[in-house]
Amino acid sequence: NGLHIKGLVGPQHRIEPMPVAGRSEDGVVPHAIYEIEQEEMLDKALSHSEEHGKAIISARWNPIRQPQPPRVPENFTVELFIVLDRPHHTYFSTNEELLGYLCVMINSVNLRYSPARFPRVKIMITGMDKSTNESYAVLAKQNNKYIFDEGTLSNLKGYAHDRESTYGYPDVVYLMTGRDVYTVINGKASVNGLGIGYVSSVCTYFKVALGEDRPGRYTGTHTLTHELAHVLGAHHDGDASKTNGHPGAKECSWDDGNIMSYINKGPSHHQFSQCSLRQIRYVVSLAGQACWTVKSNGYFVQGQYPGSVVAPSKDFCKDVINDNQTVINNVTVSEQTCKVQCTYFKKDTGYGYINRRWLYYREVDALDYMSCGYSKVCIQGVCKRKPESEAATRGSVVYTSEAPTEAPTTTPRVTRSRCNCCSYCDNTATARTTITYGPRQWTSNWNPRYRNGRRHK
Numbered sequence: 009n010g011l012h013i014k015g016l017v018g019p020q021h022r023i024e025p026m027p028v029a030g031r032s033e034d035g036v037v038p039h040a041i042y043e044i045e046q047e048e049m050l051d052k053a054l055s056h057s058e059e060h061g062k063a064i065i066s067a068r069w070n071p072i073r074q075p076q077p078p079r080v081p082e083n084f085t086v087e088l089f090i091v092l093d094r095p096h097h098t099y100f101s102t103n104e105e106l107l108g109y110l111c112v113m114i115n116s117v118n119l120r121y122s123p124a125r126f127p128r129v130k131i132m133i134t135g136m137d138k139s140t141n142e143s144y145a146v147l148a149k150q151n152n153k154y155i156f157d158e159g160t161l162s163n164l165k166g167y168a169h170d171r172e173s174t175y176g177y178p179d180v181v182y183l184m185t186g187r188d189v190y191t192v193i194n195g196k197a198s199v200n201g202l203g204i205g206y207v208s209s210v211c212t213y214f215k216v217a218l219g220e221d222r223p224g225r226y227t228g229t230h231t232l233t234h235e236l237a238h239v240l241g242a243h244h245d246g247d248a249s250k251t252n253g254h255p256g257a258k259e260c261s262w263d264d265g266n267i268m269s270y271i272n273k274g275p276s277h278h279q280f281s282q283c284s285l286r287q288i289r290y291v292v293s294l295a296g297q298a299c300w301t302v303k304s305n306g307y308f309v310q311g312q313y314p315g316s317v318v319a320p321s322k323d324f325c326k327d328v329i330n331d332n333q334t335v336i337n338n339v340t341v342s343e344q345t346c347k348v349q350c351t352y353f354k355k356d357t358g359y360g361y362i363n364r365r366w367l368y369y370r371e372v373d374a375l376d377y378m379s380c381g382y383s384k385v386c387i388q389g390v391c392k393r394k395p396e397s398e399a400a401t402r403g404s405v406v407y408t409s410e411a412p413t414e415a416p417t418t419t420p421r422v423t424r425s426r427c428n429c430c431s432y433c434d435n436t437a438t439a440r441t442t443i444t445y446g447p448r449q450w451t452s453n454w455n456p457r458y459r460n461g462r463r464h465k
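Counting in this note's numbering, the sequence shown runs without a single skipped number right up to 465 at its last residue.
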């Protein structure tokens with residue numbers, strides 16, 4: 009009684025005392041068989057050739073026509089156009105649901121970019137392409153559920169360029185895929201890939217990135233944040249830049265576990281290092297007036313975040329575990345770590361036993377604004393009192409903002425406008441290229457459908 013056991017019970021599992029349970033009445037310490045977490049975030053940050061890199065990061069202004077470089081605006085709005093493949097966009101019943109989902113995800117992304125200064129950086133969705141022509145996709149021959157990162161990214165450049173005017177000349181085009189991204193490392197394929205993007209490519213021909221997301225679950229929020237940072241100029245922490253003048257990230261340790269590292273040590277995993285912010289400032293400051301100017305309407309949802317839409321429920325844990333053979337036992341959110349802790353039963357067969365039921369345990373980061381106590385929510389990995397401005401928010405309304413003629417210095421005013429949301433955006437598209445909605449505030453009913461992290465039919 010009271011014995012604590014730790015160790016391996018097989019190549020895929022280990023045993024430890026359960027951190028979410030006390031002793032039983034007879035003094036026995038409950039133990040759980042934990043799955044050894046094999047997944048690890050892998051992404052690639054591609055540079056073009058060194059020649060392309062110099063062209064991209066050099067100042068984009070003509071010193072003959074304009075002797076003095078243009079003044080960098082206080083605020084830089086990144087106009088983001090999102091392409092969605094079939095496995096992702098077919099999950100959603102309507103365009104309203106899908107656009108609402110994307111806008112809520114962007115709210116979390118913008119929390120992470122909020123420390124950026126000189127200029128301030130804000131991501132704004134300008135439209136989406138529910139692609140039916142997936143000519144950009146390089147899929148695994150054996151299984152089309154897997155998409156190859158480098159080949160797809162290379163094709164995505166041309167795909168986005170051919171649709172530049174249809175997309176409204178965005179600063180960045182991002183492919184959000186419902187497939188599993190795979191990459192090749194040292195000649196071997198790995199399914200641990202999550203995303204890929206070109207470094208310092210904002211507002212250029214190379215302004216593309218991609219990342220996976222399980223639709224309805226917001227699993228791609230961190231990947232989107234990470235890949236957009238590559239496009240805006242940030243290397244992985246600890247890496248030097250090969251381009252003259254670019255500050256790089258050698259001064260910031262990979263082991264600190266910030267956004268541009270794969271290590272997750274808690275709250276720092278949801279924050280940019282000073283190196284990342286410095287690199288973004290450098291690249292954006294050289295992007296030029298054509299890039300800084302906001303050209304399109306944007307779409308946003310006020311006061312809603314992934315954790316206020318998806319509850320830490322048994323359905324949430326079912327999606328995390330993604331195994332039909334499991335039975336969820338308990339779901340808790342740690343106030344100390346802002347981790348959702350899922351315990352579940354699963355039958356297993358091993359040496360000396362058949363179909364024995366084991367208790368497993370897994371934890372994942374709580375989504376932004378998931379409840380972690382009375383009047384408390386998790387925000388970027390920290391459990392804190394819910395901000396009053398957010399506490400009073402009810403419902404979800406997708407607003408549109410009117411594009412100003414110059415880079416904005418104040419919050420865009422709310423207007424009523426059409427949605428540049430494509431059912432498909434092929435060059436041959438005619439009247440079906442864009443879907444226009446009526447002249448009213450676009451109030452969608454998508455919010456209740458995701459209350460438990462799953463789509464309810």
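Positions of the beta carbon are idealized from the N, C-alpha and C atoms, including for glycine.
Quick caveat, the model's predicted, so the values are computed rather than measured.
Query - Secondary structure, alpha helix (DSSP H): runs of 4+ residues fully inside the segment 214-286 - result: 229-239
Report task. Would you list the one or two residues that DSSP bridges to Cys391? Result -> Cys386
Query raised in the report: When the Cα atoms are used, what is the spatial distance from Ile193 to Asn200?
Result: 10 Å
Report task. Can you give me the Cβ contacts of Gln227 inside the same chain, cut-off strictly under 6 Å, excluding the 5 residues immediately before and after it? Result -> Reading off the sequence, residue 227 comes out as Thr, not Gln. Taken in chain order, the residues that qualify are Asp221.
Requested in this report: Please state whether DSSP places Ala197 in a helix, a strand or coil.
Outcome: Three-state result, Ala197: strand.
Query raised in the report: Using the rule of at least 16 other Cβ atoms within 10 Å of the residue's Cβ for burial, across every protein chain shown, is Ala242 buried or exposed?
Result: Answer is buried; the Cβ neighbour count reaches 16.
**Report entry** Contact under 8 Å by Cβ, Asn337 with Phe324
**Finding:** no
Query raised in the report: Is it right to say Gln333 is buried, meaning 16 or more other beta carbons lie within 10 angstroms of its own, or is it exposed?
Result: exposed
Report task. Output the residue ranges of the alpha helix (DSSP H) runs that lie fully inside the segment 70-141 and measure 4 residues or longer, sorted by chain position. Result -> 94-97, 103-121
Query raised in the report: Below 8 Å between beta carbons: does that hold for Gly195 and Val239?
Result: no
Report task. Whole angstroms is fine: what's the gap from Glu87's alpha carbon to Trp366's? Result -> 49 Å
Query raised in the report: Beta-carbon separation of Leu218 and Thr160 under 8 Å?
Result: yes
Report task. Select from Val180, Lys273, His230, Val210 the residue whose C-alpha is nearest the C-alpha of Asn203. Result -> The amino acid occupying residue 203 in the given sequence is Gly; Asn does not appear at that position. Nearest of Val180, Lys273, His230, Val210 to Gly203, Cα basis: His230.
Query raised in the report: What is the DSSP secondary structure of Gly186, reduced to helix, strand or coil?
Result: coil
Query raised in the report: When you compare only the Cα positions, how much space is there between Cys430 and Arg187?
Result: Confidence at Cys430 is low in this model, with a pLDDT of 48, below 50, so the placement of that residue should be treated as unreliable; the coordinate-derived value is given next. Answer to the nearest angstrom: the Cα atoms are 20 Å apart.
Query raised in the report: Applying the criterion that 16 or more other CB atoms from any shown protein chain within 10 Å of the CB defines a buried residue, is Glu104 buried or exposed?
Result: buried
Report task. Under 8 Å Cβ to Cβ from Val80, same chain only, skipping five residues before and after it: list those, please. Result -> Phe126, Pro127, Val292, Ser293, Trp300
Query raised in the report: Taking DSSP as the reference, what is the three-state secondary structure of Tyr157?
Result: A small fix is needed here, since residue 157 is Asp in this sequence, not Tyr. Correct three-state label for Asp157: helix.
Query raised in the report: If Pro320 and Val335 are in contact, beta carbons under 8 Å, what's the gap, nearest whole angstrom?
Result: Actually they do not touch by this definition, with Cβ atoms about 17 Å apart.
Query raised in the report: Under the DSSP definition of a beta bridge, which residues are partnered with Lys333?
Result: The amino acid occupying residue 333 in the given sequence is Gln; Lys does not appear at that position. Note: Gln333 sits in no beta bridge, so no partner.
Requested in this report: Buried or exposed for Lys130, please, with buried defined as at least 16 other CB atoms from any protein chain shown within 10 angstroms of its CB.
Outcome: Residue burial annotation: Lys130 is buried, with at least 16 other C-beta atoms found within 10 angstroms of its C-beta.
Query raised in the report: Can you name the start and end residues of the beta strand (DSSP E) that Val309 belongs to?
Result: 306-309
**Report entry** Bridge partners - Gly381, DSSP secondary structure assignment
**Finding:** Lys384
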